[in-house]
Structures are given as C-alpha cells and as structure tokens.
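Residue numbers (our numbering): 1 to 292.
Even for Gly, the Cβ is constructed at its ideal location relative to N, Cα and C.
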C-alpha cells in the first residue's frame, strides 16, 4: 500500500525516478524527499484507501465454479454479489459469452478449458466500501512493468465494451467489517451467491472469518460463497480458491491458480475431485491456445 500511495500522489517523473534509480542510497534520498513533501497526501491515502486492483480475468473462476454448482438448479434466478468489487467489472462480465471466449483459453484447468456455461443470475451487485475507486486509483494499484501495462490495457478494453451495454449491475457501498450493515445488505437483497476475490487478505484472520460467517449465515438459497485469495499470505505466486456452502459442513479447498491474474494453470486442490464428482465441469473440445 505504501508503494501504491507513493505512485498515486507523486508526480509521474518523480515516482519513475524513485523506482528506476540504480543506487540504493539515491533511492533512499529520493524517498525521503518524496515523503517530506507529500506526507499529508500519502498519510490520507493510507488511511482512506485499500488496494483496489481490478482485473479483467477474475470472472473466469466464479463463472466456472458457480455454474457447475448450479447446473441442476431449476428455481428462480439467484441474486449475486461481488464483494470488494473495485470498478465493478466482474459482475458485469458474468454470463458474457464474448468475454469468456476472449480470456478462457489462457487458463487451463486439470481437464482442459471449461466450456462456457451460463449462471441463473438475477440481480447483480458490486459491493465495496465508500468511496468507490477511480480509474486513476486502480491504475496506481498496477505495477509499472510491460506485463502490468498489458493487464491494465485489458481492463480498459473491457470497460470500453461494457460501456456499450446497459448497466445491469448495482454498485453498493458497504463496509465489510460492519457486520450489521453487511447482514442487512445480504438479507434485504436476497443474495444467494457471493464472491470474494482478493477482498479479504488485508484483514486479520479473525476479521476474515467474521466477514465470511456474516455473509454465509445471511445468504438466501442456494447459499454459495466463493473466496479467492493470494496463496500463503502473498509469499507464494498465484491464488487459492475455496468454496463455502451451507450444504457442506466445511469449506472446500477446490484449486489453486498459478498466476493470480488468472492466466496459466489451475491445479486441483484437496477437495477438487470431491467437488467435480458432485458438480461436473463441462470441458470444451476446442483446441487450447498456447498449448504445447
């Protein structure tokens, strides 16, 4: 967060000079100068903001896992909420065939590339604490390498496409740590499926457990909550995917993703076979891009 705050508040040339300096001593001098001249802005940012990295590919795993869970469902459409939504892209991408076909080929699962399967989604909500992030803030949450420039370009492309579609997602400001407000939101809007993607890792374990329990206890049927968080507290590359459901007595450790930006390989977790035996994932017969 300190790095993001510096990038957000410093003039671009000054920040670039700071990160590109070859000398450690020079970097320390530049950093000291930056903090002295922008201390108030940096402190305000750290106190009021969170990492709002928004990715264009994060919808792929919820689309696949939740669609598998709901494949035999014959009831009314189920309301969906994406908690920690950032710009609110993910819920708007759900059930988009064109979005899925653009990105799915770069994420290989144990049996190949999942076929697109629609979700019986009703109302869709993007939830984050106020104030919602600006595009400038989201850009600051990205790294400066060519890899991150490409990823940010994907976000801009997706936003351009979504701007042509009617707004089908309601953005709602809720503090995840305010259990009463969180419970009211879930119950009042009859949320039946919830998604957390890189939304909880900045909280303590106690607070993470509190948020998940509050949502899970408040969900309408079918009562599904998917939690995707960085592996080993950001000490390992990629992320892990855990499914919470009132139908199961424990969280299901489904899989890990080799790249937290949802490229690469999905590897089966301890409960992947248990899950897929009960909720089969349909795989496409089409050729896989970039497959050796």
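As a beta-bridge residue in DSSP terms, residue 228 pairs with 197 and 241. Distance from residue 116 to residue 142 at the Cβ level is roughly 28 Å; contact not present, criterion being Cβ atoms closer than 8 Å. DSSP places residue 260 outside any alpha helix (DSSP H), giving it a letter other than H or E. Within the model, the alpha-carbon separation for residue 111 versus residue 132 is close to 38 Å.
If only complete runs of 3 or more residues are kept, the stretch 142-189 shows the beta strand (DSSP E) at 169-173, in order along the chain. Taken through DSSP and simplified to helix, strand or coil, residue 89 comes out as helix. The beta carbon of residue 264 sits closer than 8 Å to the beta carbons of 106, 107, 108, 238, 257 and 258 from its chain, once the five residues preceding and following it are set aside; these are given in chain order. DSSP, reduced to helix, strand and coil, places residue 64 within a helical segment of the structure shown. Here residue 217 is exposed: its Cβ has fewer than 16 other Cβ atoms, across all protein chains shown, within 10 Å. For the stretch 11-46, the continuous alpha helix (DSSP H) assignments of 4+ residues that do not extend past its boundaries occur at 12-20, in sequence order. Relative to the Cα of residue 241, the nearest Cα in the group 182, 251 and 24 belongs to 251.
For residue 227 against residue 244, the beta-carbon gap comes to about 6 Å, under 8 Å, which counts as contact. Residue 82 counts as buried, since no fewer than 16 other beta carbons sit within 10 angstroms of its beta carbon. One Cα belongs to residue 275, the other to residue 65, and the distance between them is close to 9 Å.
Of the residues assessed, residue 205 falls on the exposed side of the cut-off, its CB having fewer than 16 other CB atoms within 10 angstroms. When secondary structure is reduced to three states using DSSP, residue 102 falls in the helix class. Excluding residues up to 5 positions away in sequence, 252, 253 and 254 lie with their Cβ nearer than 7 Å to the Cβ of residue 271 in the same chain.
Rounded to whole angstroms, the separation of the alpha carbons of residue 126 and residue 148 is 24 Å.
A distance below 6 Å between beta-carbons, with the five flanking residues on each side excluded, links residue 172 to the following residues of its chain, in chain order: 125 and 127. For residue 89 against residue 158, the beta-carbon gap comes to about 6 Å, under 8 Å, which counts as contact.
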